[in-house]
Amino acid sequence: MKSAELKYPTQQQELLAIVNALATFRIYCLDIPVMVATDHKSLEGIFQQMMANRRLARWYDILTEYQPVFAYRPGAKNGIADALSRRPDHKPETKDFHDLLVPSFNETSYQLRVTEIKPNDDLIKAIFAGYA
């Protein structure tokens with residue numbers, strides 16, 4: 309999840325994970341009802357509520373093509389999901405897109421390019437003639 313998504317309420321984080329999982333496995337999930345076992349009872353009736361914000365409305369639009377059926381399963385009985393989310397070998401390398409940005413400015417190549425493109429009088433005259 310991105311840093312902004314980590315600030316979502318828990319219910320919305322879980323719904324975002326469901327949306328992302330269905331998008332990832334789209335080819336397998338289309339045209340059949342998909343049972344989603346969740347430990348958040350409030351997700352069972354989330355789309356019967358009034359849409360609280362545009363984010364939920366957008367996710368609702370995405371989820372309607374998958375025919376999800378939310379089923380409450382207490383966390384203690386949903387051990388597989390808990391084990392998958394707490395895998396010790398799965399550590400994200402970066403937290404945010406900005407961590408991937410690496411400043412790369414090579415002064416030498418920049419200086420070489422500038423010296424190679426020194427304008428001469430003929431070039432300047434041709435440029436001015438083009439604008440006249």
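Final position of the sequence shown in the numbering used here is 440; the numbers increase by one with none missing.
Even for Gly, the Cβ is constructed at its ideal location relative to N, Cα and C.
These numbers come from a predicted model, not from an experiment.
- Annotation: residue 331 is outside any beta strand (DSSP E); the continuous alpha helix (DSSP H) that includes it extends over 318–332.
- In this structure, residue 374 keeps its C-beta atom at 8 Å or more from the C-beta atom of residue 324.
- Secondary structure of residue 312 (DSSP, three-state): coil.
- Assignment of residue 380 by DSSP, reduced to helix, strand and coil, places it in the strand class.
- For residue 432, the enclosing alpha helix (DSSP H) begins and ends at 429–439.
- Exclusion of the five residues before and after residue 377 leaves 341, 343 as the residues of its chain whose Cβ lies within less than 6 Å of its Cβ.
- Restricting attention to 383, 397, 321, the CA atom closest to the CA of residue 363 is found in 321.
- Around the C-beta of residue 371, 16 or more other C-beta atoms lie within 10 Å, and the residue is accordingly described as buried.
- Between residue 318 and residue 333, the alpha-carbon positions lie close to 23 Å from each other.
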